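This report concerns only the one structure given below.
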Amino acid sequence: GFQRLPSYRSWRTQHIGNQEENKNKNRNSNVIPYDYNRVPLKHELEMSKESDHDSDESSDDDSDSEEPSKYINASFIMSYWKPEVMIAAQGPLKETIGDFWQMIFQRKVKVIVMLTELKHGDQEICAQYWGEGKQTYGDIEVDMKDTNKSSTYTLRVFELRHSKRKDSRTVYQYQYTNWSVEQLPAEPKELVSLIQVLKEKLPQKNSSEGNKHHKSTPLLIHCRDGSQQTGIFCALLNLLESAETEEVVDIFQVVKALRKARPGMVSTFEQYQFLYDIIASTYPAQNGQVKKNNHQEDKIEFDNEVDKVKQDANCVNPLGATEKLPEAKEQATGSEPTSGTEGPEHSVNGPASPALNQGS
């Protein structure tokens with residue numbers, strides 16, 4: 001499966017992140033968001049127009065495309081929580097902390113997953129974008145209300161207020177640090193349990209309104225550059241959701257969709273194998289067996305037989321078998337998943353994939 005996964009490096013334009021005035025907003029010049037699914041920062045003027053009739057009415061796509069918007073190194077990634085998407089972002093630089101909070105406020109993020117320490121040795125790998133008590137970053141006041149250390153992660157609770165608006169928001173940050181730079185997670189089970197914990201803080205996915213212009217993006221995931229750890233975490237999140245929802249897990253399609261969403265996502269065979277192993281151990285052999293179908297997609301199928309029809313419908317031929325993966329070296333720069341809002345291809349795992357695979 002892995003050898004046939006195209007890297008999708010540079011498969012779409014990355015003009016905005018590479019513009020001269022934006023280059024200093026990127027941590028890693030190999031991980032620049034694609035233009036089609038980058039997260040645009042709206043100007044305050046638009047925000048205030050919107051707040052008059054709070055914004056779930058009008059579609060994001062309209063307002064995002066008309067006005068030139070500010071740049072931040074972050075990409076939308078489709079998730080199993082339709083119609084919401086996740087955001088995969090780089091860890092803020094000192095100069096981009098204000099933009100980072102502005103994005104969180106504008107996109108109504110509920111949960112931040114931080115998969116990195118602030119420093120690696122002497123090197124800063126993420127700016128500390130919060131402080132004790134109240135701090136103001138640009139137009140956003142961030143008040144740290146609570147900190148809880150568990151054995152595996154730190155949970156911080158922030159209250160956000162906008163200087164020009166009345167409403168406040170609560171945002172939960174889960175910082176998981178038992179994961180060294182350039183390594184695979186030492187304790188994969190901790191990641192699985194972290195995902196279970198943070199899902200309780202997210203809006204219920206079966207919310208009945210089914211409003212496709214729903215504007216919130218409840219989950220933001222970042223590491224140093226929004227690729228390595230972020231990519232594995234986004235993949236794992238979608239795989240666990242599809243296992244629960246669809247009873248079929250298709251690692252090939254999930255990884256493919258993530259690579260199309262952001263450069264460097266799940267870029268090495270080791271990371272791919274890690275996802276495979278963690279799914280197999282979370283759903284042990286007596287419940288499911290790993291199968292290869294004719295297209296050699298990597299699927300794990302569960303005993304409670306998914307009826308054959310549904311299963312066939314779920315099998316998508318991954319881009320013709322002729323595509324070869326460019327040298328793994330070139331893409332080991334790692335990056336996060338995300339995905340766009342356009343694109344004909346539908347996905348393998350019911351909601352997860354279709355959503356995931358958009359923008360293909």
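Residue 124 in UniProt numbering sits at position 124 of the sequence shown, with consecutive numbering throughout.
All C-beta atoms in this analysis are idealised placements derived from N, C-alpha and C, irrespective of residue type, glycine included.
Remember, it's a predicted structure, so these values are computed and weren't measured experimentally.
Check                                                                                                                           : Outcome
Separation of Asn37 from Pro284, as counted between CA atoms                                                                    : 36 angstroms
Outcome for Ile217 when other beta-carbon atoms lying within 10 angstroms are tallied against a minimum of 16                   : According to the sequence displayed, residue 217 carries Thr and not Ile. So Thr217 counts as buried.
The beta strand (DSSP E) enclosing Ala89, as first and last residue numbers                                                     : 85 to 89
Gly133 versus Met144: straight-line alpha-carbon distance, rounded                                                              : 5 angstroms
Three CB pairs or more closer than 8 angstroms across the stretch 120 to 135 and the stretch 72 to 82                           : no
C-beta atoms of Leu239 and Val249 nearer than 8 angstroms                                                                       : yes
Ile32, DSSP secondary structure in three states                                                                                 : coil
Extent of the continuous beta strand (DSSP E) to which Ser75 belongs                                                            : 74 to 78
Integer-rounded CB distance, given that Leu160 should sit under 8 angstroms from Ser168                                         : 6 angstroms
Spatially closest choice to Gly226 from Val85, Met114, Gln90, by CA coordinates                                                 : Gln90
Pro326 burial status per 10 Å Cβ neighbour count (16 or more: buried)                                                           : The pLDDT assigned to Pro326 is 34, lower than 50, so where the model puts this residue is not dependable; a value taken from the coordinates is nonetheless given after this. It is exposed - the Cβ of Pro326 has fewer than 16 other Cβ atoms within 10 Å.
C-beta contact flag for Ile112 and Gln204 at 8 angstroms                                                                        : no
Burial state of Asn314 (16 or more Cβ within 10 Å)                                                                              : No answer about Asn314 holds up, because its pLDDT of 36 lies below 50 and its placement is not dependable.
Rounded straight-line distance, which links the Cα of Ser151 to that of Gln19                                                   : 43 angstroms
Exposure of Gln183, with buried meaning 16 or more beta-carbon neighbours within 10 Å                                           : exposed
Cβ-based burial, Pro33 [other Cβ within 10 Å; buried from 16]                                                                   : buried
Top-ranked residue by Cα proximity to Ala74, from Asp277, Ile251, Arg224, Gln271                                                : Arg224
Cross-strand partners of Val181 (DSSP beta bridge)                                                                              : Note: Val181 sits in no beta bridge, so no partner.
Burial state of Ser360 (16 or more Cβ within 10 Å)                                                                              : Annotation note: pLDDT 32 at Ser360 (below 50); position unreliable, no value reported.
Nearest to Lys42 (by Cα), restricted to the options Cys234, Phe105, Tyr8, Gln253                                                : Phe105
Neighbourhood of Met103 by C-beta distance below 7 angstroms, restricted to the same chain and skipping five residues each side : Val39, Leu41, Ile72, Ala74
Segment limits, beta strand (DSSP E) that includes Asp122                                                                       : Unbroken run through Asp122: none, as it is neither H nor E.
DSSP bridge partner residues for Ile140 (one or two, in chain order)                                                            : Tyr137, His162
Proximity of Leu220 and Ile16 at Cβ, strictly below 8 angstroms                                                                 : no
Cutoff 6 angstroms; reference Arg12; Cβ partners in own chain excluding five residues on either side                            : Tyr34, Tyr36
Euclidean distance between Cα positions of Lys215 and Ala257                                                                    : 22 angstroms
Backbone CA spacing between Asn24 and Glu141 [nearest angstrom]                                                                 : 25 angstroms
Spatial distance of Phe252 from Val85 (CA atoms)                                                                                : 20 angstroms
Whether Val181 touches His120 by CB criterion (8 angstroms)                                                                     : yes
Cα-Cα separation between Gly131 and Ile97, rounded to whole angstroms                                                           : 12 angstroms
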